[in-house]
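Student: Chains L, W and G are the protein sequences, given in the same order. Residues 1 to 218 (my numbering) make up the first sequence, in order. Residues 1001 to 1303 (my numbering) make up the second sequence, in order. Residues 2001 to 2422 (my numbering) make up the third sequence, in order. Mind looking over this structure? Questions follow.
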Amino acid sequence: MQRQIPLILTGVIGFVMLLYFFVPHPFISGPGHFFEDAVIIVVAFAIVLGAANLLTFNGEIIARRGKDWPYKVVLLVSMFAMIAIGLVEGERYLEPETVFSWMYNTFYASMQATMFALLAFFIASAAFRAFRIRNLEAGLLAVAALFVMLGRVPIGNVISAHWPNGIQLPQISDWIMENPQNSAKRAILMGAALGVMSTGLRIIMGIEGSFARSGGNS
Amino acid sequence: MTSLLVFLAILAAVALVVAFLIRIPSVATTLARMRRLDRRWIFLAVWVLVMVPLLFPLKLPVAPTARAMQYYEQIDRLKAGDIVLLSADFDPAAGPELVPMLKTSIMQLCRKKVRIVGDCLWPGGPPLLEQAFSEVARDTFHYRYGEDYVNLGFKEGREAVMLAMGNSIPGTFPSDFRGTPVSKLPLMGKVTNLRSVKLLVNVSAGYPGTKEWVQQTQSRFNLKIISGCTAVSAPEYYAYLQSGQLLGLLGGMAGAAEYEKMAGVTGAATKGMDAQSSVHLLVMLCILLGNLAHWAARRLGER
Amino acid sequence: MRPRASRPSPLRSGTTGLPHPVPRLRATSFAVLGFLALVAGVARAQTPPATARATTTSSLPALSAAAADVQNDNGQALHVQWTAPAGVEQVIVERGSTPAGPFTVLDTVSAEGGSFDDNDVPRGKPVFYRLTGLGAHGPTPPAVIGPVVAVAQWFNTGRTNVAFFSVIFFAFVLFFLWSSRGGRKLFVRRIAGIDAIEEAVGRATEMGRPVLFVPGVQDIDDIQTMAALVILESVARTAAQYETKMIVPTNYPVPFTLAQEMVKNGFLEAGRPESYDPNSVRYITSEQFAYVAAINGIILRDRPAANLYLGAFFAESLILAETGFSTGAIQVAGTANVHQLPFMVVACDYTLIGEELYAASAYLSREPRLLSTLKGSDYMKVVIILLLLIGSVIETSFVLKNPPTQSLGQVSSPFKSWFRTE
């Protein structure tokens, strides 16, 4: 029963949502809307669950002075500080002169942008280390990459400004993006979409029921 | 044509020189040693090539592409008093690419006296949207909150929120980001659902974002959508542009710079294009040098 | 809003013009008039859409209007359209349940649009609309139309094409499911990336270092996360057999709970429940780059020998892959997020591209029921390829025979139009 109930629920709800796409009648769309709204509520509760999880996991490590426990203290203090300041400042917490805004811009936004900026460095080092032209296909890929990289920035305009119309670098870059790149991407997307359908079908039909098991044998 | 021939001639000459040089054992050995180059030198080169153009701008000319023009024209076709949904689905990580296009979009909408309903499907988004609204709509164009623009804030639920907005926007966002009930905001009295808005301007960094808006709402609610997205996401949306499901697309900082050019402003994106150009050249150089090192090593019989 | 006063019934206004009727004549007259009223009322009820009756409010005529049910909806929408005479700038749209009212104002819209969608109609009940044009010449006579009923449809005909192909797909899957029960072996080609997973775990065992498994950065509602967690169970089983430590950082509470169950199941199925370490699965944070920073820290401190990045990844994929490379780990990645595939292909040793990630659970388990869905989607792909080829030929020949015109642009062939979805 412990296994059957989740599988039955998954199957029924999955089937209803599948029908919901095709049947506008309220007999199906009514429950469909309900499940859509329910998802929003469940996901919102999950945020609370996540915060509680964070608190218990890190709290335990701090309590027993586990590995890297000072960093866990920093984590929890930061979390509670942001929550407390936001609550104290109330409705106006996003106004430019508030402490919350200052903390958001100084810490959160800066750290996020820093992590994202790492990509620029890693792209250059990955390009040096790993982009090897070992065969014809890799060579074509490299040439296409060079055209696209040059064509997407102003330097490409400057280099090819006086080239014949139709083969300027931005135009070649656009052609590569709109034709061979688009075709290959569509093919991968179609395959991935079929993969999504078959995985979804496996879950709805209960064939992929491993997530419904809880200990014990299959 | 002459400049093309000159360019090709230079490329050919460089290739010949390199092919000749790589046969010289000492050169080949030096190149092969480059395989073990500490990547921190590459990081340093990236840092220099980003900082120098930012400090000493090259002012390379930006030429708008057809996609940026389409984006601009879709907003340009709006009339005064039309209502637009502006969904800022990103967080500070994508700020450098997307905040410039967000601000320029708000600026163009304000110039057209279009009313804006803003929302976010990413939790880190509302402050960015609010900053952009405050800076552009409120302080520059003297838009009044509640009458000319509204920031509905963030709602968790991703695609479910999009579908719910298709049925009722006030029902999905009963209060704005400040907690004010939307029934007290005059603009929201004119907004029922996605069919009430003339255009969706989506500035997105990934998931949930443009793809989900197109998949969930475009045909279902006959919604016109234009998108500004990160450069890495843009190739994925070309298919939607070709099928007409997207009516305009800005890709990354380059797209933002093109849009700024169309709008007649010199913003952060335009200033960043010099740095982006130089780093693109560096990446190309890294690819070439990396392969040269690899070929040189193979030539020397090294593994 | 205060409802506008209803228009006086012509039967109640004015007089009949008869001076001092004799009682029998009066009764007869009233009977005749009553009969006529009844006939008029019945005729009106049976005649949608009703046309407006002009009054003497303005020199402009009333709007010519009609209302109809919106198709393929849940029965709460009606479409009202009108043709406004010149000079009318706005139209007040009102709705009532009887032709005499009371009417409630729904909206005042621009006359230019020519239509209004009422999306909040009571289902199954006849309603009437009253349209009044506004312009410089004053309001037009109101036009009352109706009754019109919003009806819910049982099937969205705009999605017939999707339903058709869905049925074909299900048919393929059910056929292969049925044939797999008969013991028929289903062939699946070798997928190097999936074979490399076991190799990676083996390598980690030899080096005495843990295996890092990152199930993507999305929540459980992303099917890639589900696919990754199913693979996690197989990896956990292998790791248990080899007695190798696992590290599984997660970034949402629900995948965290499921990941714990999957790892525990894997150890149980390998017959090593005592080796299962509950702390091997960790909840980090839901914040994307904070999660990535934490994983980078794990990679640099714990130095796993095998890094498995399977699931939905975004901008962080290259950061993870480059950091993992710097520690010398063998890396297997798999995602259906096409925009991250180039980074993973370049930076990792093996990459599962798109649907290979979804095929992994079937490939690893070799269970016939799972393989049957794989075969079903492969055959569906064949159907799509054939359609692409046939469609290209049909559309190309149609376009050659019907070049674009100035007024209509390029018209699509009926074959292509059938594939549009509403």
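Backbone N, C-alpha and C define an ideal beta-carbon position, used for all residues, glycine too.
Assign H1294 (chain W) to one of two classes, buried (16 or more other C-beta atoms within 10 Å of its C-beta) or exposed (fewer than that).
Tutor: Indexing the second sequence from 1 puts residue 1294 (chain W) at position 294. The residue is buried, with at least 16 neighbouring Cβ atoms inside 10 Å.
Student: Does the beta carbon of F1090 (chain W) sit closer than 9 Å to a beta carbon anywhere in chain G?
Tutor: As a position in the second sequence, residue 1090 (chain W) is number 90, starting the count at 1. Cβ-Cβ to chain G under 9 Å: no for F1090 (chain W).
Student: Around the C-beta of L2371 (chain G), are 16 or more other C-beta atoms found within 10 angstroms, so that it is buried, or is it exposed?
Tutor: Position 371 of the third sequence, counting from 1, holds the residue named residue 2371 (chain G). Looking at its Cβ environment, which holds 16 or more other Cβ atoms inside 10 Å, L2371 (chain G) is buried.
Student: Does the beta carbon of Q2340 (chain G) come closer than 9 Å to any beta carbon on chain W?
Tutor: Against the third sequence, residue 2340 (chain G) aligns to sequence position 340. It does; some Cβ of chain W falls within 9 Å.
Student: Just the chain W side, please: which residues come within less than 9 Å of P164 (chain L) by C-beta, in chain order?
Tutor: The residue given as residue 164 (chain L) occupies position 164 in the first sequence. By Cβ distance, chain W contributes M1001 and L1004.
Student: Return the Cβ separation of G1267 (chain W) and K1103 (chain W) in integer angstroms, given the expectation that the two are a contact with Cβ distance under 8 Å.
Tutor: Taking the first residue of the second sequence as 1, we reach residue 1267 (chain W) at position 267. Taking the first residue of the second sequence as 1, we reach residue 1103 (chain W) at position 103. Between K1103 (chain W) and G1267 (chain W) the Cβ distance is about 7 Å, and since that is below 8 Å, they are a contact.
Student: Run through chain G and tell me which residues come within less than 9 Å of P1235 (chain W), C-beta to C-beta.
Tutor: As a first step, residue 1235 (chain W) must be located in the second sequence, where it is residue number 235. V2338 and H2339, listed in chain order.
Student: Could you check whether the segment 2311–2327 of chain G touches the segment 67–86 of chain L, counting it as contact only if at least three pairs of C-beta atoms, one from each stretch, sit closer than 8 Å?
Tutor: At 8 Å Cβ cutoff, the stretches do not touch.
Student: Could you compute how far the alpha carbon of H2339 (chain G) sits from the alpha carbon of L2063 (chain G)?
Tutor: One-based indexing of the third sequence puts residue 2339 (chain G) at position 339. One-based indexing of the third sequence puts residue 2063 (chain G) at position 63. Answer to the nearest angstrom: the Cα atoms are 53 Å apart.
Student: Taking the beta strand (DSSP E) that Y1149 (chain W) belongs to, which residues open and close that run?
Tutor: What you label residue 1149 (chain W) is simply residue 149 of the second sequence in a count that begins at 1. Per DSSP, Y1149 (chain W) belongs to the beta strand (DSSP E) from Y1149 to F1154.
Student: Taking contact to mean 3 or more Cβ pairs, one atom from each stretch, closer than 8 Å, check whether the segment 2113–2130 of chain G and the segment 2092–2103 of chain G are in contact.
Tutor: With a cut-off of 8 Å, the segment 2092–2103 of chain G and the segment 2113–2130 of chain G count as touching, because enough Cβ pairs lie within range.
Student: Which class does P2368 (chain G) belong to by DSSP, given the choice of helix, strand or coil?
Tutor: As a working note, residue 2368 (chain G) is residue 368 in the third sequence. The answer is helix: DSSP assigns P2368 (chain G) an H, G or I state.
Student: In the DSSP assignment, the beta strand (DSSP E) including M2246 (chain G) goes from what residue to what residue?
Tutor: Working through the third sequence from its first residue, we reach residue 2246 (chain G) at position 246. Per DSSP, M2246 (chain G) belongs to the beta strand (DSSP E) from M2246 to T2250.
Student: Tell me whether M1051 (chain W) is buried or exposed, calling it buried when 16 or more other Cβ atoms sit within 10 Å of its Cβ.
Tutor: Here residue 1051 (chain W) refers to the residue found at position 51 of the second sequence. M1051 (chain W) comes out exposed.
Student: For R65 (chain L) and F45 (chain L), what's the separation of their Cα atoms in angstroms?
Tutor: The count along the first sequence starts at 1 and reaches residue 65 (chain L) at position 65. The count along the first sequence starts at 1 and reaches residue 45 (chain L) at position 45. Whole-angstrom Cα-Cα distance: 30 Å.
Student: In chain order, what residues of the same chain have a beta carbon less than 8 Å from the beta carbon of T2028 (chain G), not counting five sequence neighbours either side?
Tutor: Here residue 2028 (chain G) corresponds to residue number 28 of the third sequence, with the count starting at 1. Legend: pLDDT at T2028 (chain G) = 48, less than 50; position of this residue unreliable, no value from coordinates given.
Student: Got a sec: does the ligand FMN put a non-hydrogen atom nearer than 8 Å to the Cβ of M1162 (chain W)?
Tutor: In terms of ligand content, the structure shown is empty, and the ligand FMN therefore cannot be addressed.
Student: Below 9 Å between beta carbons: does that hold for A2240 (chain G) and G2208 (chain G)?
Tutor: To locate residue 2240 (chain G), count along the third sequence from 1; it is residue 240. To locate residue 2208 (chain G), count along the third sequence from 1; it is residue 208. For A2240 (chain G) and G2208 (chain G), no; Cβs fall outside 9 Å.
Student: Could you have a look at Y2276 (chain G) and say whether DSSP puts it in helix, strand or coil?
Tutor: Counted from its first residue, the third sequence places residue 2276 (chain G) at position 276. Three-state DSSP puts Y2276 (chain G) in coil, outside helix and strand.
Student: Pull the bridge partners of C1229 (chain W) from the DSSP assignment, please.
Tutor: For the purposes of this step, residue 1229 (chain W) is taken as residue 229 along the second sequence, with counting starting at 1. Note: C1229 (chain W) sits in a beta bridge opposite W:S1204 and W:G1251.
Student: In whole angstroms, give me the CA-to-CA distance for A2045 (chain G) and I1083 (chain W).
Tutor: Position 45 of the third sequence holds residue 2045 (chain G). Position 83 of the second sequence holds residue 1083 (chain W). With a pLDDT of only 41 at A2045 (chain G), under the threshold of 50, the placement of this residue in the model should not be trusted, and no figure is reported.
Student: May I ask you to verify whether the segment 93–101 of chain L touches the segment 1005–1015 of chain W, counting CB pairs closer than 8 Å and requiring at least 3?
Tutor: Touching, no, given that fewer than three Cβ pairs across the two stretches are closer than 8 Å.
Student: When the Cα of V1006 (chain W) is compared with those of L:S160, L:I8 and L:M205, which residue comes out closest?
Tutor: Translated into positions along the second sequence, residue 1006 (chain W) becomes position 6. Closest option to V1006 (chain W), Cα to Cα, is L:S160.
Student: What does N2296 (chain G) touch in chain W if you count any residue whose Cβ is under 8 Å from its own?
Tutor: Locating residue 2296 (chain G) in the third sequence gives position 296, where the first residue counts as 1. Within chain W, no residue comes near N2296 (chain G); the closest Cβ sits about 15 Å away, beyond 8 Å.
Student: With a CB to CB cut of under 7 Å and the five nearest residues on each side skipped, what residues in its chain are close to S101 (chain L)?
Tutor: As a working mapping, residue 101 (chain L) is identified with position 101 in the first sequence. The residues are L94 and E95.
Student: Express the C-alpha separation of L150 (chain L) and A1009 (chain W) in angstroms, rounding to a whole number.
Tutor: As a working note, residue 1009 (chain W) is residue 9 in the second sequence. As a working note, residue 150 (chain L) is residue 150 in the first sequence. Approximately 18 Å, taken between the alpha carbons.
Student: Taking a cut of 7 Å between CB atoms, which residues from the segment 2365–2385 of chain G lie near chain L?
Tutor: Within the segment 2365–2385 of chain G, the residues whose Cβ lies closer than 7 Å to some Cβ of chain L are R2369, L2370, T2373, L2374, G2376, S2377, M2380, K2381 and I2384, listed in chain order.
Student: Quick one, which of G:T2405, G:E2274, G:T2285 and G:L2268 has its alpha-carbon nearest T2250 (chain G)'s?
Tutor: In the third sequence, counting from the first residue as 1, residue 2250 (chain G) sits at position 250. Ranking G:T2405, G:E2274, G:T2285 and G:L2268 by Cα distance to T2250 (chain G) puts G:T2285 first.
Student: Where P164 (chain L) and T1065 (chain W) are concerned, what is the direct C-alpha to C-alpha distance, given to the nearest angstrom?
Tutor: Residue 164 (chain L) sits at position 164 when you count from the first residue of the first sequence. Residue 1065 (chain W) sits at position 65 when you count from the first residue of the second sequence. Cα to Cα, the separation comes out at about 17 Å.
Student: Give me, in chain order, the residues of the same chain whose beta-carbon lies closer than 6 Å to that of T2454 (chain G); leave out the 5 immediate sequence neighbours on both sides.
Tutor: Because chain G in this structure spans residues 2001 to 2422, residue 2454 (chain G) falls outside the shown range and cannot be described.
Student: Judging by CA-CA distance, which residue of W:K1211, W:F1020 and W:L1129 is the nearest neighbour of A1234 (chain W)?
Tutor: Residue numbering aside, residue 1234 (chain W) sits at position 234 when the second sequence is read from its first letter. Of the candidates W:K1211, W:F1020 and W:L1129, the one whose C-alpha sits nearest the C-alpha of A1234 (chain W) is W:K1211.
Student: Using 8 Å as the cut-off, can you tell me whether the segment 2383–2400 of chain G makes contact with the segment 2223–2231 of chain G, which would need three or more C-beta pairs spanning the two stretches below that distance?
Tutor: No: fewer than three Cβ pairs fall under 8 Å.
Student: Within this structure, are the beta carbons of A2305 (chain G) and A2200 (chain G) separated by less than 9 Å?
Tutor: In the third sequence, counting from the first residue as 1, residue 2305 (chain G) sits at position 305. In the third sequence, counting from the first residue as 1, residue 2200 (chain G) sits at position 200. Yes, these two residues count as a Cβ contact at 9 Å.
Student: Which residue's Cα is closest to the Cα of L141 (chain L): L:Y108, L:A184 and L:F121?
Tutor: Here residue 141 (chain L) refers to the residue found at position 141 when the first sequence is read from its first residue. Out of L:Y108, L:A184 and L:F121, L:A184 has the C-alpha closest to the C-alpha of L141 (chain L).
Student: Can you confirm whether R202 (chain L), when its beta carbon is compared against all beta carbons of chain W, has any partner nearer than 9 Å?
Tutor: Here residue 202 (chain L) refers to the residue found at position 202 of the first sequence. No, because no Cβ of chain W sits closer than 9 Å to the Cβ of R202 (chain L).
Student: Compute the Euclidean distance between the alpha carbons of P154 (chain L) and E60 (chain L), then round it to the nearest angstrom.
Tutor: Working through the first sequence from its first residue, we reach residue 154 (chain L) at position 154. Working through the first sequence from its first residue, we reach residue 60 (chain L) at position 60. Each residue's Cα considered, the two are about 54 Å apart.
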